[in-house]
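Protein chains in written order, with UniProt numbering: chain A, 1 to 536; chain B, 1 to 223. Beta carbons are placed, not taken as given, at the ideal position from N, Cα and C, and that holds for glycine. Remember, predicted model here, so these are calculated numbers, not experimental data. Report on one structure; see the data block that follows.
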Amino acid sequence: MATKSAHHGDNYINFEKGLWSWLTTVDHKRIGLMYMATVMFFFLIGGIMALLLRLELFAPNAAANVGNVLKNGDVYNQVLTYHGAIMVFMVIVPGIPAILGNFFLPLHIGAKDVAFPKINLASWYCFMAGAALAIATFFFKKIDTGWTFYTPYSIRTGTATVLMVLGAFVMGMSSVLTGLNFIVTVHKLRAPGMTMHRMPLFVWALYSTAILQLLATPVLAITLLLLAAEKLFGVGIFDPALGGDPVLFQHFFWFYSHPAVYIMIIPAMGVVSELITTFSKKVIFGYTAIAYSSLGIAAVSFFVWGHHMFVSGQSATAGIIFSFLTMLVGVPTAIKMFNWVATLYKGSVSFDSPMLFALGFLFLFAIGGVTGIMLAVLPIDVHFHDTYFVVAHFHYVMVGGTLMALMGGFYYWFPKMFGKMFNESIARLSFVFIFIGFNVTFFPQFILGAMGMPRRYFDYIPAYENLNKISTIGSWLILTGFLMGLWVIVQGLRNGPKAPLNPWGSKTLEWQTASPPPHDNFAVEPIVTAGPYEYR
Amino acid sequence: MSTDSTTTANGFRAAHVSHHFKDATQEYDSGKQGIWLFMVTEILMFGAILVGYAIFHHIYPDMFEEGAKSLDWKMGFINTLVLIFSSFTMAISISLIQQNKTKQAAMAMATTILCGAVFMCIKYFEYSHKFHLGLYPGRFLDVAKVGAEHANLGMYYGFYYCMTGLHGLHVLIGMGLITWLLIRTIRGDFHSQYWLPVEGVGIFWHIVDLIWIFLFPLLYLVG
Ligand code: HEM
Ligand SMILES: [Cu+2]
Chain A
1 MATKSAHHGD NYINFEKGLW SWLTTVDHKR IGLMYMATVM FFFLIGGIMA LLLRLELFAP
61 NAAANVGNVL KNGDVYNQVL TYHGAIMVFM VIVPGIPAIL GNFFLPLHIG AKDVAFPKIN
121 LASWYCFMAG AALAIATFFF KKIDTGWTFY TPYSIRTGTA TVLMVLGAFV MGMSSVLTGL
181 NFIVTVHKLR APGMTMHRMP LFVWALYSTA ILQLLATPVL AITLLLLAAE KLFGVGIFDP
241 ALGGDPVLFQ HFFWFYSHPA VYIMIIPAMG VVSELITTFS KKVIFGYTAI AYSSLGIAAV
301 SFFVWGHHMF VSGQSATAGI IFSFLTMLVG VPTAIKMFNW VATLYKGSVS FDSPMLFALG
361 FLFLFAIGGV TGIMLAVLPI DVHFHDTYFV VAHFHYVMVG GTLMALMGGF YYWFPKMFGK
421 MFNESIARLS FVFIFIGFNV TFFPQFILGA MGMPRRYFDY IPAYENLNKI STIGSWLILT
481 GFLMGLWVIV QGLRNGPKAP LNPWGSKTLE WQTASPPPHD NFAVEPIVTA GPYEYR
Chain B
1 MSTDSTTTAN GFRAAHVSHH FKDATQEYDS GKQGIWLFMV TEILMFGAIL VGYAIFHHIY
61 PDMFEEGAKS LDWKMGFINT LVLIFSSFTM AISISLIQQN KTKQAAMAMA TTILCGAVFM
121 CIKYFEYSHK FHLGLYPGRF LDVAKVGAEH ANLGMYYGFY YCMTGLHGLH VLIGMGLITW
181 LLIRTIRGDF HSQYWLPVEG VGIFWHIVDL IWIFLFPLLY LVG
């Protein structure tokens, strides 16, 4: 490959041609785009399922047609399981790190590639293989356990637990490999002058996330393997009938899955840090505080898993300790929030579409975060547990937080990735639809939860009908917004005008190379002499 | 990844520096860090199952005692020795490579693979003997037939098979990797300027060995 010199006009897209060159590429930018295509596809599937769930809940089942699209509770449970599992394991967890992280981490620190390009490619194949296994279950033996696979139900149910769980295991390997790659890349491949404290905050976020991926995922891996063994060989560890302990499964599961929610949100915080400083034309306020608070969140997140188990029968002391520790996560998170707001203050803020998503993130994540602290309060959680309040909370965080940041990051870096601009007014309109639609969908769910509507039910009493109707209508608004976003991307790719080198006037390193970047990222290795945000 | 295959003075192919690294040192340091980080994940994975073991050992001490007694500690002890010896030959092979003693290094690797095979054979005999006695995991263990004192002795065997099974799988993977190294060694890929893969697999093998050193007393001796 090196024999092919990078003559003028060459970039990573036209560097080599043909499908095969993509499937065998070791270029982190191409791998990022491969993740982008596949994650978008899974998002579409998961999204269709979400719309079906909402359609079922549009009216009580007594009502004709619409209230009964999914026929019965079994089908509802299956669709719910696939929706949750696909969105978590195939969309939000890989989302930002695998797409934007892969593409921009080396560019951000002036490296030619990630440390292990082949492993990077292998991790995409792991991801695809795991996803294939998981989705394969859909075609012969559907699974209906919910994405948490709680025992003992997951052992007893006749569905495809083993295959699904192996799929999640393999996807977990992909996640570990990506994280490992990022850590070594950050440690070893920074350009001359790029000290740790000159790294963009997005890199800090990816770095903290990678540590989490590395430390938490193995525990999930063994948990899933044990679950598979339990189902196949009845080993008895999680099965109460054999003296085992189903609550142990929950402990193991949440020991991963709580940190996992930070694997989902910390990268989003990184993207938002970039967006806020760029579009405020101002040095970010409290660079080190933001950088280290990512590490802080990562650290604390390991000690709070018990807040998912307040009503599981764990001891009251444990409940109180977990309640307290959970609230601690609020501290580093609030540090970030205040720093972002302080950056906005007296900045010359411009409301381009990426910035709209960043501001949308601040708003929605604030609601998601505050309700999270509410749920951390033990007595409140006992009341709200397994109601729609929880559903609303985690959608505010995961969708309102992570997905908003992903969209904002997409628009922000689109010109760099493809060298083209997109239709800004439609992009803003897509934001408006997603933002409003999101609140219309999920805010009523807080109220429903407070009224006592339980989650994972496919029918409800008439008292809940109006709010559910509103919620379902909101889901159609979100759909409209995402379709617009898709149109913006496709239209921009096909005939967007050529992008200027640095359309937003950003200061980070990736904007100093060509758009789209050449195969080796930089024509000459950059030498870094200042921090990432030297605005004023 | 671009590579330049010039030949060193002593006739070996020179180190391959992938195009995104500045020099061989940077590549070596990165590779080594990567391997160690991966080992962290391995240790955590086994760590979690050990936590499960500790919890149930605490809840059912008698049942675990009965289980440990039913295992043949001599078999486990021989296997411990075999693995420790194989770790030794693996370490030797790295040092031989560093001295350009390719032939001897290949011999050392082959010995390591052989040790792995011996380990797996002994495991095979242990497993089949247990199956013969009806000592299956969990719900498949027939308490009456086995004459177990504790109704949930099956759980002990659940742990036994899960822990040793997962470990055995790692031994097999390690044997595969060392075979790959052996082929490359014979081909002359490794020499005093380049031995990273050997060291990497070596570290993996040592960790697998180390994990066994934890599993052996916990399963066979502690009771
Ligand atoms: C975009 C519009 C979306 C809508 C309208 C929607 C709707 C729903 C509905 C109705 C449920 C069932 C709640 C219950 O019965 O307990 C649900 C569950 C869930 N959703 Fe979404 N969802 C959307 C997007 C997402 C995304 C992007 C994620 C990614 C993280 C996600 C993650 C989950 C999870 C984890 C569950 C819980 C599944 C379970 O408890 O088994 N959702 N969603
Ligand atoms: Cu949690």
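C-beta contact flag for residue i and residue j at 9 Å
i	j	result
glycine 271 of chain A	leucine 406 of chain A	Inspection of the sequence shows that residue 271 of chain A is occupied by valine rather than by glycine. Yes, the pair counts as a contact, with Cβ atoms nearer than the cut-off.
isoleucine 155 of chain A	phenylalanine 255 of chain A	no
serine 208 of chain A	serine 294 of chain A	yes
glycine 372 of chain A	histidine 393 of chain A	yes
leucine 375 of chain A	phenylalanine 363 of chain A	no
threonine 441 of chain A	arginine 54 of chain A	yes
arginine 455 of chain A	aspartate 381 of chain A	no
isoleucine 436 of chain A	tyrosine 396 of chain A	no
glycine 34 of chain B	valine 184 of chain A	yes
Coil, strand or helix - residue i by DSSP
i	result
tyrosine 388 of chain A	helix
lysine 420 of chain A	strand
histidine 393 of chain A	helix
proline 246 of chain A	helix
proline 517 of chain A	coil
proline 454 of chain A	strand
lysine 231 of chain A	helix
asparagine 522 of chain A	Correcting the residue identity first, residue 522 of chain A is phenylalanine in this sequence and not asparagine. Phenylalanine 522 of chain A falls in the coil class under three-state DSSP.
tryptophan 205 of chain B	helix
phenylalanine 310 of chain A	coil
histidine 7 of chain A	Because the pLDDT of histidine 7 of chain A is 48, which lies under 50, any placement of that residue in the model is unreliable, and the question is left without a value.
methionine 62 of chain B	The residue you asked about is not methionine; residue 62 of chain B is aspartate in the sequence shown. Three-state result, aspartate 62 of chain B: helix.
phenylalanine 285 of chain A	coil
residue 224 of chain B	Here chain B comprises residues numbered 1 to 223, so residue 224 of chain B is not present and cannot be evaluated.
proline 532 of chain A	coil
isoleucine 155 of chain A	helix
threonine 24 of chain A	coil
histidine 16 of chain B	coil
isoleucine 237 of chain A	coil
For residue i, the nearest candidate out of the options (CA to CA)
i	options	result
tryptophan 205 of chain B	B:Gln193, B:Gly174, B:Phe214, B:Ala144	B:Gly174
threonine 151 of chain A	A:Leu224, A:Asn120, A:Trp22, A:Leu375	A:Leu224
tyrosine 160 of chain B	B:Phe56, B:Ser30, B:Lys22, B:Ser18	B:Phe56
leucine 242 of chain A	B:His170, B:Ser30, B:Met155, B:Ser93	B:Met155
alanine 216 of chain A	B:Phe38, B:Leu83, B:Met109, B:Leu218	B:Phe38
serine 506 of chain A	A:Tyr35, A:Glu534, A:Gly47	A:Glu534
leucine 389 of chain A	A:Val329, A:Gly452, A:Gly330	Note that residue 389 of chain A is phenylalanine in the sequence shown here, rather than leucine. Minimum Cα distance to phenylalanine 389 of chain A is reached at A:Gly452.
alanine 523 of chain A	A:Gln512, A:Thr529, A:Ala530, A:Pro454	A:Gln512
asparagine 102 of chain A	A:Phe89, A:Met87, A:Ile86, A:Ile119	A:Ile119
threonine 157 of chain A	A:Trp504, A:Val329, A:Gly369, A:Lys141	A:Lys141
histidine 187 of chain A	B:Leu71, B:Ser18, B:Ile94, B:Gly31	B:Gly31
valine 222 of chain B	B:Met163, B:Leu133, B:Glu66	B:Glu66
leucine 429 of chain A	A:Leu467, A:Phe482, A:Ile461, A:Phe458	A:Phe482
residue 537 of chain A	A:Leu232, A:Asn61, A:Met269	The displayed coordinates of chain A run from 1 to 536. Any statement about residue 537 of chain A would go beyond what the structure contains.
C-alpha distance - residue i paired with residue j, whole-angstrom precision
i	j	result
phenylalanine 410 of chain A	phenylalanine 418 of chain A	11 Å
glycine 138 of chain B	phenylalanine 131 of chain B	13 Å
proline 197 of chain B	asparagine 100 of chain B	15 Å
alanine 298 of chain A	phenylalanine 125 of chain B	45 Å
lysine 69 of chain B	tyrosine 220 of chain B	7 Å
isoleucine 222 of chain A	alanine 168 of chain A	11 Å
alanine 131 of chain A	serine 348 of chain A	44 Å
phenylalanine 21 of chain B	histidine 519 of chain A	15 Å
leucine 135 of chain B	tyrosine 53 of chain B	18 Å
leucine 477 of chain A	phenylalanine 322 of chain A	38 Å
alanine 358 of chain A	leucine 226 of chain A	41 Å
phenylalanine 303 of chain A	valine 329 of chain A	10 Å
glycine 84 of chain A	asparagine 77 of chain A	10 Å
leucine 81 of chain B	isoleucine 211 of chain A	35 Å
isoleucine 135 of chain A	methionine 164 of chain A	8 Å
phenylalanine 414 of chain A	threonine 89 of chain B	53 Å
tryptophan 204 of chain A	threonine 508 of chain A	14 Å
Residues that DSSP places opposite residue i in a beta bridge
i	result
tyrosine 194 of chain B	B:His191
lysine 498 of chain A	A:Lys420
Where residue i meets chain E, residues with beta-carbon distance less than 9 Å
i	result
alanine 160 of chain A	In the structure shown, chain E cannot be found, because the protein chains are A and B.
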